[in-house]
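Asker:
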Amino acid sequence: MKFEVDERGYYGQFGGAYIPEMLYPNIEQLRDNYLKIIYEPEFQAEFNDLLKNYVGRPTPLYLAKRLSEKYRATIYLKREDLCHTGAHKINNTIGQILVAKRLGKKKIIAETGAGQHGVATATVCALMGMECIVYMGKLDMDRQRPNVERMRILGTKVVPALSGNMTLKDATNEAMRHWINHPTDTHYIIGSVVGPHPYPDMVARFQSVISEEIKKQLQEEIGNPYPDYVFACVGGGSNAAGAFYHFLNDEHVQLIGVEAAGKGVDSGESAATTALGKPGVLHGSKTLLMQTEDGQVVEPYSISAGLDYPGIGPLHAHLFDVGRVQFVSATDDEAMNAGIELSRLEGIIPAIETAHAIAALDKIELSAEDVVVINLSGRGDKDLETYIRWGKY
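Take any residue in the sequence shown, note its place counting from 1, add 4, and you have its number in this note's numbering.
1. Throw me the rounded Cβ distance for the L222 and L65 pair, which I believe falls under 8 Å.
2. Between the C-alpha atoms of V197 and A77, what's the straight-line distance to the nearest angstrom?
3. Near Y75, which residues of its chain fall below 7 Å by C-beta distance, leaving aside the five closest residues on each side in sequence?
4. DSSP state of A77, grouped into three classes?
5. Roughly how many whole angstroms lie between the Cα atoms of K282 and E224?
6. Looking at the structure shown, is M180 part of a helix, part of a strand, or coil, going by DSSP?
7. Consult DSSP for R147 and reduce its assignment to one of helix, strand or coil.
8. Measure the beta-carbon distance from K105 to M132 and round it to whole angstroms, keeping in mind my assumption that it falls under 8 Å.
9. Can you look up C136 in the DSSP assignment and give me helix, strand or coil?
10. Short of 7 Å in beta carbon distance, which residues of its chain neighbour T296, apart from the five on each side in sequence? Order them along the chain.
11. In terms of residue numbering, what span does the alpha helix (DSSP H) encompassing K110 cover?
12. Runs of 3 residues minimum, wholly inside the segment 196 to 245: which ones carry the beta strand (DSSP E) assignment?
13. For I193, which three-state DSSP category applies?
14. What's the gap between the Cα of G20 and the Cα of V207?
15. Measure from the alpha carbon of G168 to the alpha carbon of each residue in V152, I194, G141, K161, then state which is nearest.
16. Flag this pair as yes or no: are the beta carbons of Y28 and V285 separated by less than 9 Å?
17. So which of L143, A49, Q330, P24 has the shortest CA-CA distance to I98?
18. Under 9 Å between the Cβ atoms of S333 and A355?
19. Is the distance from the Cβ of V138 to the Cβ of A114 below 9 Å?
20. Could you give the first and the last residue of the continuous alpha helix (DSSP H) run that contains Q33?
21. Please classify Y43 as buried or exposed, where buried requires at least 16 neighbouring CB atoms within 10 angstroms.
22. Grab the span of the alpha helix (DSSP H) containing G395 for me, first residue to last.
23. Are H256 and I218 touching if we call contact CB-CB under 9 Å?
24. Using DSSP with H/G/I as helix, E/B as strand and the rest coil, what is I23?
25. Is the segment 298 to 317 touching the segment 189 to 203 in the sense that three or more CB pairs, one from each, lie closer than 8 Å?
26. To the nearest whole angstrom, what separates the beta carbons of G310 and G239, a pair I think is in contact under 8 Å?
27. Helix, strand or coil for R70? Go by DSSP, reduced to three states.
28. Which residue comes first and which comes last in the beta strand (DSSP E) that contains A91?
29. Among residues of its own chain, excluding the 5 on either side of V9, which ones have a beta-carbon nearer than 8 Å to its beta-carbon?
30. Which residue's Cα is closest to the Cα of R83: I378, D189, K386, L166?
31. Express the C-alpha separation of G90 and V59 in angstroms, rounding to a whole number.
32. Looking only at C-alpha atoms, which of G261, A342, R383 sits nearest to L323?
33. Residues in the same chain with beta-carbon distance under 8 Å from C129, minus the five sequence neighbours each way, listed in chain order, please.
34. So the candidates are I353, D337, A279, A359; which of them puts its Cα closest to the Cα of D325?
35. Within the continuous beta strand (DSSP E) that includes N379, where are the two ends?
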(Lines of atoms letter the chains of each structure in order from A; the text may use other names.)
(Lines give C-alpha, C1' and ligand atoms only; values in the text may rest on other atoms or scores of the structure.)
Protein backbone atom coordinates (compact mmCIF):
# COMPACT_ATOMS: atom_id res chain seq x y z
CA MET A 5 0.00 0.00 0.00
CA LYS A 6 1.22 3.51 -0.82
CA PHE A 7 1.49 6.08 1.96
CA GLU A 8 3.55 8.73 0.16
CA VAL A 9 1.93 11.77 -1.37
CA ASP A 10 1.38 11.53 -5.15
CA GLU A 11 2.39 14.15 -7.73
CA ARG A 12 -0.98 15.91 -7.37
CA GLY A 13 -0.55 16.22 -3.61
CA TYR A 14 -2.97 13.43 -2.62
CA TYR A 15 -2.79 10.58 -0.12
CA GLY A 16 -5.43 8.27 -1.54
CA GLN A 17 -8.57 10.41 -1.79
CA PHE A 18 -7.28 13.10 0.61
CA GLY A 19 -5.02 16.10 0.06
CA GLY A 20 -4.64 18.46 -2.88
CA ALA A 21 -4.44 22.26 -2.89
CA TYR A 22 -7.80 24.04 -2.66
CA ILE A 23 -6.65 27.63 -2.61
CA PRO A 24 -7.71 31.12 -3.71
CA GLU A 25 -6.23 32.24 -7.02
CA MET A 26 -4.16 34.88 -5.21
CA LEU A 27 -2.20 32.16 -3.38
CA TYR A 28 -1.53 30.04 -6.44
CA PRO A 29 1.90 31.59 -7.25
CA ASN A 30 3.08 31.07 -3.66
CA ILE A 31 1.95 27.47 -3.48
CA GLU A 32 3.30 26.76 -6.97
CA GLN A 33 6.71 28.22 -6.04
CA LEU A 34 6.83 26.11 -2.91
CA ARG A 35 5.62 22.95 -4.64
CA ASP A 36 8.14 23.29 -7.46
CA ASN A 37 11.09 23.87 -5.15
CA TYR A 38 10.63 22.30 -1.72
CA LEU A 39 12.05 18.84 -2.45
CA LYS A 40 14.92 20.24 -4.49
CA ILE A 41 15.77 22.62 -1.64
CA ILE A 42 15.47 20.29 1.34
CA TYR A 43 17.58 17.53 -0.19
CA GLU A 44 20.44 19.70 -1.43
CA PRO A 45 23.59 18.90 0.61
CA GLU A 46 24.07 22.49 1.84
CA PHE A 47 20.50 22.62 3.21
CA GLN A 48 20.85 19.21 4.87
CA ALA A 49 24.14 20.23 6.50
CA GLU A 50 22.64 23.46 7.90
CA PHE A 51 19.39 21.76 8.98
CA ASN A 52 21.17 18.87 10.72
CA ASP A 53 23.66 21.20 12.41
CA LEU A 54 20.81 23.28 13.85
CA LEU A 55 18.88 20.18 14.94
CA LYS A 56 21.96 18.96 16.80
CA ASN A 57 23.45 22.14 18.25
CA TYR A 58 20.39 24.40 18.59
CA VAL A 59 17.41 22.08 19.08
CA GLY A 60 19.34 19.48 21.08
CA ARG A 61 18.78 16.38 18.95
CA PRO A 62 18.78 13.45 19.14
CA THR A 63 16.20 13.55 21.92
CA PRO A 64 16.45 10.62 24.37
CA LEU A 65 14.39 7.44 24.11
CA TYR A 66 13.69 6.91 27.79
CA LEU A 67 12.63 3.58 29.31
CA ALA A 68 9.76 4.52 31.65
CA LYS A 69 10.23 1.76 34.24
CA ARG A 70 7.40 2.59 36.64
CA LEU A 71 4.94 3.24 33.80
CA SER A 72 6.05 -0.08 32.27
CA GLU A 73 5.43 -1.90 35.56
CA LYS A 74 1.93 -0.49 35.84
CA TYR A 75 0.89 -1.43 32.28
CA ARG A 76 2.92 -4.68 32.20
CA ALA A 77 4.72 -3.85 28.97
CA THR A 78 8.02 -2.23 28.00
CA ILE A 79 7.23 1.46 27.49
CA TYR A 80 9.66 4.00 26.07
CA LEU A 81 9.05 7.74 25.91
CA LYS A 82 10.47 9.67 22.96
CA ARG A 83 11.45 12.86 24.76
CA GLU A 84 10.44 15.60 22.31
CA ASP A 85 9.63 17.66 25.40
CA LEU A 86 13.39 18.12 25.79
CA CYS A 87 13.72 19.95 22.47
CA HIS A 88 14.56 23.65 22.64
CA THR A 89 11.23 25.51 23.16
CA GLY A 90 9.67 22.43 24.81
CA ALA A 91 8.06 20.50 21.95
CA HIS A 92 8.57 18.82 18.58
CA LYS A 93 7.37 21.95 16.74
CA ILE A 94 10.90 23.37 16.42
CA ASN A 95 11.93 20.53 14.03
CA ASN A 96 9.53 21.89 11.42
CA THR A 97 10.07 25.62 11.98
CA ILE A 98 13.85 25.24 11.56
CA GLY A 99 13.27 23.42 8.28
CA GLN A 100 10.67 25.86 6.95
CA ILE A 101 12.60 29.02 7.76
CA LEU A 102 15.59 27.62 5.88
CA VAL A 103 13.27 26.97 2.91
CA ALA A 104 11.83 30.51 3.19
CA LYS A 105 15.32 32.04 3.14
CA ARG A 106 16.22 30.11 0.02
CA LEU A 107 12.99 31.32 -1.65
CA GLY A 108 13.97 34.92 -0.88
CA LYS A 109 11.15 35.58 1.61
CA LYS A 110 11.63 38.42 4.13
CA LYS A 111 8.66 37.99 6.47
CA ILE A 112 7.07 35.06 8.29
CA ILE A 113 3.52 34.44 9.45
CA ALA A 114 2.17 31.49 11.44
CA GLU A 115 -0.87 30.25 13.33
CA THR A 116 -0.77 28.63 16.74
CA GLY A 117 -3.15 26.88 19.13
CA ALA A 118 -1.27 25.73 22.22
CA GLY A 119 1.36 28.34 21.48
CA GLN A 120 4.21 25.84 21.01
CA HIS A 121 4.30 26.30 17.23
CA GLY A 122 4.07 30.05 17.71
CA VAL A 123 7.00 30.02 20.12
CA ALA A 124 9.00 27.75 17.80
CA THR A 125 8.30 30.09 14.86
CA ALA A 126 9.15 33.19 16.90
CA THR A 127 12.36 31.46 18.00
CA VAL A 128 13.63 30.69 14.50
CA CYS A 129 12.63 34.16 13.27
CA ALA A 130 14.73 35.69 16.06
CA LEU A 131 17.56 33.31 15.14
CA MET A 132 17.42 34.32 11.47
CA GLY A 133 16.54 38.01 11.99
CA MET A 134 13.19 37.82 10.17
CA GLU A 135 10.00 39.76 10.92
CA CYS A 136 7.27 37.55 12.37
CA ILE A 137 3.50 37.76 12.99
CA VAL A 138 1.66 34.92 14.74
CA TYR A 139 -2.13 34.59 14.74
CA MET A 140 -3.65 32.99 17.83
CA GLY A 141 -7.25 32.56 18.93
CA LYS A 142 -8.25 34.93 21.73
CA LEU A 143 -9.38 31.98 23.89
CA ASP A 144 -6.01 30.26 23.36
CA MET A 145 -4.16 33.48 24.20
CA ASP A 146 -6.01 33.57 27.52
CA ARG A 147 -5.31 29.92 28.40
CA GLN A 148 -1.72 29.87 27.11
CA ARG A 149 -0.53 33.26 28.38
CA PRO A 150 3.11 32.23 29.11
CA ASN A 151 3.60 31.25 25.46
CA VAL A 152 2.10 34.56 24.28
CA GLU A 153 4.66 36.42 26.39
CA ARG A 154 7.49 34.19 25.15
CA MET A 155 6.61 35.11 21.57
CA ARG A 156 6.54 38.80 22.43
CA ILE A 157 9.89 38.60 24.24
CA LEU A 158 11.33 36.98 21.10
CA GLY A 159 10.17 40.00 19.06
CA THR A 160 7.07 38.52 17.42
CA LYS A 161 3.75 40.34 17.03
CA VAL A 162 0.88 38.18 18.34
CA VAL A 163 -2.48 38.98 16.72
CA PRO A 164 -5.70 37.66 18.34
CA ALA A 165 -8.25 35.83 16.18
CA LEU A 166 -11.70 36.99 17.30
CA SER A 167 -13.96 34.94 14.98
CA GLY A 168 -15.64 31.58 15.62
CA ASN A 169 -14.76 30.08 19.00
CA MET A 170 -11.44 31.97 18.89
CA THR A 171 -9.18 28.90 18.76
CA LEU A 172 -6.81 27.21 16.29
CA LYS A 173 -9.20 26.98 13.33
CA ASP A 174 -9.87 30.71 13.53
CA ALA A 175 -6.18 31.58 13.87
CA THR A 176 -5.50 29.53 10.73
CA ASN A 177 -8.24 31.41 8.86
CA GLU A 178 -6.67 34.76 9.83
CA ALA A 179 -3.18 33.64 8.82
CA MET A 180 -4.48 32.49 5.43
CA ARG A 181 -6.15 35.88 4.90
CA HIS A 182 -2.92 37.68 5.74
CA TRP A 183 -1.00 35.54 3.26
CA ILE A 184 -3.51 36.29 0.50
CA ASN A 185 -2.83 40.00 1.06
CA HIS A 186 0.98 39.66 1.23
CA PRO A 187 1.81 36.88 -1.23
CA THR A 188 5.23 37.93 -2.54
CA ASP A 189 7.47 38.74 0.44
CA THR A 190 5.90 36.45 3.09
CA HIS A 191 6.21 32.74 3.86
CA TYR A 192 3.51 31.05 5.93
CA ILE A 193 5.03 28.49 8.31
CA ILE A 194 2.13 26.08 8.83
CA GLY A 195 2.63 24.19 12.09
CA SER A 196 1.03 20.86 11.31
CA VAL A 197 0.51 18.34 8.52
CA VAL A 198 -2.48 20.35 7.29
CA GLY A 199 -3.09 22.91 4.56
CA PRO A 200 -2.62 22.79 0.80
CA HIS A 201 0.01 20.57 -0.82
CA PRO A 202 3.00 20.61 -0.34
CA TYR A 203 2.63 21.57 3.36
CA PRO A 204 1.43 18.20 4.72
CA ASP A 205 4.29 16.38 2.97
CA MET A 206 6.93 19.00 3.81
CA VAL A 207 6.02 19.14 7.51
CA ALA A 208 5.92 15.33 7.74
CA ARG A 209 9.41 15.13 6.20
CA PHE A 210 10.83 17.62 8.71
CA GLN A 211 9.17 15.79 11.62
CA SER A 212 10.25 12.35 10.35
CA VAL A 213 13.51 12.83 12.27
CA ILE A 214 11.49 11.56 15.27
CA SER A 215 10.86 8.07 13.89
CA GLU A 216 14.29 8.00 12.27
CA GLU A 217 15.83 8.43 15.73
CA ILE A 218 13.41 5.98 17.36
CA LYS A 219 14.57 3.21 15.01
CA LYS A 220 18.27 3.85 15.68
CA GLN A 221 17.74 4.15 19.43
CA LEU A 222 15.63 0.99 19.69
CA GLN A 223 18.26 -0.90 17.71
CA GLU A 224 20.83 0.17 20.30
CA GLU A 225 18.51 -0.54 23.26
CA ILE A 226 16.96 -3.88 22.33
CA GLY A 227 18.71 -4.96 19.12
CA ASN A 228 15.56 -4.41 17.04
CA PRO A 229 14.50 -1.12 15.40
CA TYR A 230 10.80 -2.04 15.38
CA PRO A 231 8.51 -1.54 18.38
CA ASP A 232 5.17 -3.33 18.62
CA TYR A 233 3.29 -0.05 19.10
CA VAL A 234 3.84 3.67 18.52
CA PHE A 235 1.40 6.01 20.28
CA ALA A 236 0.99 9.72 19.46
CA CYS A 237 -1.70 12.36 20.00
CA VAL A 238 -3.38 13.80 16.90
CA GLY A 239 -4.82 17.28 16.46
CA GLY A 240 -3.64 18.34 13.02
CA GLY A 241 -1.11 15.57 13.50
CA SER A 242 2.51 16.69 13.00
CA ASN A 243 4.03 14.88 15.98
CA ALA A 244 2.14 11.72 15.02
CA ALA A 245 3.23 12.02 11.38
CA GLY A 246 6.84 12.31 12.55
CA ALA A 247 6.58 9.38 14.97
CA PHE A 248 4.81 7.13 12.43
CA TYR A 249 6.71 8.15 9.26
CA HIS A 250 9.47 5.52 9.10
CA PHE A 251 7.14 2.74 10.29
CA LEU A 252 4.31 3.23 7.79
CA ASN A 253 5.46 0.39 5.53
CA ASP A 254 6.16 -1.96 8.45
CA GLU A 255 2.72 -3.49 8.98
CA HIS A 256 3.81 -5.38 12.12
CA VAL A 257 4.29 -2.03 13.93
CA GLN A 258 0.88 -0.99 15.24
CA LEU A 259 0.30 2.76 15.08
CA ILE A 260 -2.10 4.37 17.55
CA GLY A 261 -3.38 7.92 16.97
CA VAL A 262 -5.11 9.51 19.96
CA GLU A 263 -7.64 12.31 19.44
CA ALA A 264 -9.35 14.59 21.95
CA ALA A 265 -12.81 13.39 22.93
CA GLY A 266 -13.31 16.55 25.02
CA LYS A 267 -16.35 16.06 27.25
CA GLY A 268 -17.25 12.86 25.37
CA VAL A 269 -17.28 11.89 21.70
CA ASP A 270 -21.06 12.36 21.44
CA SER A 271 -21.32 15.27 23.89
CA GLY A 272 -21.27 18.01 21.25
CA GLU A 273 -18.01 19.22 22.83
CA SER A 274 -15.31 17.12 21.20
CA ALA A 275 -12.49 17.13 18.67
CA ALA A 276 -12.54 13.42 17.78
CA THR A 277 -12.42 13.90 14.02
CA THR A 278 -12.18 10.26 12.90
CA ALA A 279 -15.24 9.39 14.99
CA LEU A 280 -17.30 12.43 13.97
CA GLY A 281 -15.86 13.69 10.69
CA LYS A 282 -16.77 13.37 7.03
CA PRO A 283 -14.70 14.18 3.92
CA GLY A 284 -14.61 17.88 3.10
CA VAL A 285 -12.25 20.77 2.41
CA LEU A 286 -10.57 22.58 5.30
CA HIS A 287 -7.72 25.10 5.14
CA GLY A 288 -6.69 24.19 1.62
CA SER A 289 -6.93 20.41 1.50
CA LYS A 290 -9.52 17.65 1.24
CA THR A 291 -9.55 15.76 4.50
CA LEU A 292 -11.80 14.48 7.28
CA LEU A 293 -13.46 17.24 9.26
CA MET A 294 -16.33 17.73 11.66
CA GLN A 295 -19.14 19.44 9.78
CA THR A 296 -22.89 19.91 9.74
CA GLU A 297 -25.22 18.33 7.15
CA ASP A 298 -24.88 21.44 4.97
CA GLY A 299 -21.08 21.49 5.19
CA GLN A 300 -20.51 24.12 7.90
CA VAL A 301 -17.51 23.41 10.12
CA VAL A 302 -18.51 22.25 13.60
CA GLU A 303 -16.69 24.11 16.37
CA PRO A 304 -14.33 21.65 18.09
CA TYR A 305 -13.65 21.49 21.81
CA SER A 306 -10.76 20.13 23.88
CA ILE A 307 -9.18 21.12 27.16
CA SER A 308 -5.89 21.05 25.20
CA ALA A 309 -5.44 24.02 22.87
CA GLY A 310 -3.25 22.01 20.48
CA LEU A 311 -5.90 19.34 19.83
CA ASP A 312 -8.80 21.80 19.58
CA TYR A 313 -9.10 21.48 15.77
CA PRO A 314 -12.07 20.28 13.69
CA GLY A 315 -10.04 18.18 11.22
CA ILE A 316 -6.91 16.09 10.80
CA GLY A 317 -4.17 16.28 8.19
CA PRO A 318 -4.85 14.47 4.88
CA LEU A 319 -2.12 11.89 5.54
CA HIS A 320 -3.89 10.89 8.77
CA ALA A 321 -7.26 10.89 7.02
CA HIS A 322 -5.79 8.42 4.51
CA LEU A 323 -4.16 6.29 7.23
CA PHE A 324 -7.53 6.10 8.99
CA ASP A 325 -9.37 5.40 5.72
CA VAL A 326 -7.17 2.41 4.85
CA GLY A 327 -6.90 1.16 8.43
CA ARG A 328 -3.14 1.62 8.80
CA VAL A 329 -3.52 3.66 12.00
CA GLN A 330 -5.92 2.77 14.79
CA PHE A 331 -7.51 5.96 16.08
CA VAL A 332 -8.85 6.14 19.63
CA SER A 333 -9.84 9.15 21.72
CA ALA A 334 -9.42 10.33 25.31
CA THR A 335 -11.69 12.68 27.22
CA ASP A 336 -10.47 15.76 29.06
CA ASP A 337 -10.58 13.95 32.40
CA GLU A 338 -8.85 10.83 31.06
CA ALA A 339 -6.05 12.96 29.61
CA MET A 340 -5.65 15.08 32.75
CA ASN A 341 -5.54 11.98 34.95
CA ALA A 342 -2.91 10.45 32.63
CA GLY A 343 -0.85 13.64 32.83
CA ILE A 344 -0.89 13.50 36.64
CA GLU A 345 -0.09 9.78 36.56
CA LEU A 346 2.97 10.30 34.37
CA SER A 347 4.09 13.17 36.59
CA ARG A 348 3.94 10.97 39.68
CA LEU A 349 5.30 7.76 38.17
CA GLU A 350 8.16 9.23 36.14
CA GLY A 351 8.69 12.81 37.33
CA ILE A 352 7.71 14.18 33.91
CA ILE A 353 4.84 16.68 33.62
CA PRO A 354 3.59 16.32 30.03
CA ALA A 355 1.79 18.80 27.82
CA ILE A 356 -1.94 18.12 27.98
CA GLU A 357 -1.86 17.21 24.27
CA THR A 358 0.72 14.50 25.04
CA ALA A 359 -1.30 13.36 28.06
CA HIS A 360 -3.99 12.18 25.63
CA ALA A 361 -1.47 9.72 24.16
CA ILE A 362 -0.60 8.46 27.66
CA ALA A 363 -4.32 8.00 28.38
CA ALA A 364 -4.59 5.55 25.47
CA LEU A 365 -2.54 2.99 27.44
CA ASP A 366 -5.86 2.13 29.14
CA LYS A 367 -7.55 1.58 25.79
CA ILE A 368 -5.17 -0.88 24.11
CA GLU A 369 -4.68 -4.43 25.37
CA LEU A 370 -0.94 -4.83 25.84
CA SER A 371 1.02 -8.00 26.61
CA ALA A 372 4.18 -8.42 28.69
CA GLU A 373 6.25 -8.90 25.52
CA ASP A 374 5.10 -5.68 23.86
CA VAL A 375 7.53 -2.83 23.24
CA VAL A 376 5.65 0.48 23.18
CA VAL A 377 6.97 3.90 22.17
CA ILE A 378 4.93 6.96 23.17
CA ASN A 379 5.86 10.20 21.48
CA LEU A 380 6.14 12.63 24.39
CA SER A 381 5.52 15.58 22.12
CA GLY A 382 5.70 18.44 24.62
CA ARG A 383 6.28 19.47 28.21
CA GLY A 384 3.61 20.70 30.59
CA ASP A 385 5.05 24.08 31.65
CA LYS A 386 2.63 25.89 29.31
CA ASP A 387 -0.32 24.02 30.84
CA LEU A 388 0.21 24.64 34.55
CA GLU A 389 -2.74 27.05 34.72
CA THR A 390 -4.99 24.44 33.10
CA TYR A 391 -3.79 21.74 35.50
CA ILE A 392 -4.42 24.14 38.40
CA ARG A 393 -7.93 25.06 37.19
CA TRP A 394 -8.77 21.36 36.70
CA GLY A 395 -7.51 20.85 40.22
CA LYS A 396 -8.12 17.08 40.74
CA TYR A 397 -4.64 16.12 41.91
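Here a beta-carbon is modelled for each residue, glycine too, at the ideal position from N, C-alpha and C.
Answerer: Answer, in terms of the structure:
1. One-based indexing of the sequence shown puts residue 222 at position 218. One-based indexing of the sequence shown puts residue 65 at position 61. The pair is a contact, with the Cβ atoms about 7 Å apart (cut-off 8 Å).
2. Looking up residue 197 in the sequence shown gives position 193. Looking up residue 77 in the sequence shown gives position 73. Their backbone Cα atoms lie some 30 Å apart in a straight line.
3. As a position in the sequence shown, residue 75 is number 71, starting the count at 1. Taken in chain order, the residues that qualify are L365, L370.
4. Residue numbering aside, residue 77 sits at position 73 when the sequence shown is read from its first letter. It is coil, neither helix nor strand.
5. One-based indexing of the sequence shown puts residue 282 at position 278. One-based indexing of the sequence shown puts residue 224 at position 220. Straight-line Cα distance between these residues: approximately 42 Å.
6. Taking the sequence shown and counting its residues from 1, one reaches residue 180 at position 176. Secondary structure of M180 (DSSP, three-state): helix.
7. The residue labelled residue 147 in the question sits at position 143 within the sequence shown. In this structure, R147 counts as helix in the three-state DSSP scheme.
8. Reading the sequence shown from its first residue, position 101 is the one you call residue 105. Reading the sequence shown from its first residue, position 128 is the one you call residue 132. Indeed they touch by this definition, with Cβ atoms about 7 Å apart.
9. Here residue 136 refers to the residue found at position 132 of the sequence shown. Strand, per DSSP.
10. Counting from 1 along the sequence shown, the entry for residue 296 is found at position 292. Contacts found: V302.
11. Counting from one through the sequence shown, the residue named residue 110 turns up at place 106. Per DSSP, K110 lies in no alpha helix (DSSP H) and is assigned neither H nor E.
12. Within the segment 196 to 245, complete beta strand (DSSP E) segments of at least 3 residues are found at 233 to 237, given in chain order.
13. Along the sequence shown, read from residue 1 onward, the residue named residue 193 stands at position 189. Correct three-state label for I193: strand.
14. Residue 20 sits at position 16 when you count from the first residue of the sequence shown. Residue 207 sits at position 203 when you count from the first residue of the sequence shown. Distance from the CA atom of G20 to the CA atom of V207, rounded to whole angstroms, is 15 Å.
15. Looking up residue 168 in the sequence shown gives position 164. Of all alpha-carbon atoms in V152, I194, G141, K161, the one lying nearest the alpha-carbon of G168 is that of G141.
16. For the purposes of this step, residue 28 is identified with residue 24 of the sequence shown, where counting begins at 1. For the purposes of this step, residue 285 is identified with residue 281 of the sequence shown, where counting begins at 1. Here Y28 is not near V285, since their CB atoms are 9 Å or more apart.
17. Within the sequence shown, numbered from 1, the residue matching residue 98 stands at position 94. It is A49.
18. Within the sequence shown, the letter at position 329 stands for residue 333. Within the sequence shown, the letter at position 351 stands for residue 355. Taking 9 Å as the cut-off, the beta carbon of S333 is found no closer than this to the beta carbon of A355.
19. Mapped onto the sequence shown, residue 138 falls at position 134. Mapped onto the sequence shown, residue 114 falls at position 110. Judged by beta-carbon spacing, A114 lies within the 9 Å limit of V138, meaning their Cβ atoms are closer than that value.
20. Numbered from its first residue, the sequence shown carries residue 33 at position 29. First-last of the alpha helix (DSSP H) with Q33: 28 to 42.
21. The count along the sequence shown starts at 1 and reaches residue 43 at position 39. Flag for Y43 reads exposed.
22. As a working mapping, residue 395 is identified with position 391 in the sequence shown. For G395, no alpha helix (DSSP H) encloses it, and the DSSP letter there is neither H nor E.
23. Numbered from its first residue, the sequence shown carries residue 256 at position 252. Numbered from its first residue, the sequence shown carries residue 218 at position 214. With contacts defined by Cβ atoms closer than 9 Å, H256 and I218 do not form a contacting pair.
24. In the sequence shown, residue 23 corresponds to position 19, counting from 1. Coil.
25. Yes: at least three Cβ pairs fall under 8 Å.
26. The residue labelled residue 310 in the question sits at position 306 within the sequence shown. The residue labelled residue 239 in the question sits at position 235 within the sequence shown. That belief holds up - the Cβ atoms of G310 and G239 are roughly 5 Å apart, short of 8 Å.
27. Taking the sequence shown and counting its residues from 1, the one referred to as residue 70 is at position 66. Collapsing the DSSP output to three states places R70 in a helix.
28. Position 87 of the sequence shown, counting from 1, holds the residue named residue 91. Premise fails: A91 is in no beta strand (DSSP E) and is neither H nor E.
29. Position 5 of the sequence shown, counted from the start, is the residue given in the question as residue 9. Only Y15, G19, H201, P202, P204, D205, L319 meet the Cβ criterion.
30. Translated into the one-based positions of the sequence shown, residue 83 becomes position 79. It is I378.
31. Here the question's residue 59 lines up with position 55 in the sequence shown. Here the question's residue 90 lines up with position 86 in the sequence shown. Roughly 10 Å between the two C-alpha positions.
32. Numbered from its first residue, the sequence shown carries residue 323 at position 319. Of G261, A342, R383, the residue nearest in Cα terms is G261.
33. Reading the sequence shown from its first residue, position 125 is the one you call residue 129. Excluding sequence neighbours, C129 sits near I101, I112, E135, C136, L158, G159, T160.
34. Indexing the sequence shown from 1 puts residue 325 at position 321. Ranked by Cα distance from D325, the first of I353, D337, A279, A359 is A279.
35. Within the sequence shown, numbered from 1, the residue matching residue 379 stands at position 375. 375 to 380 is the extent of the beta strand (DSSP E) around N379.
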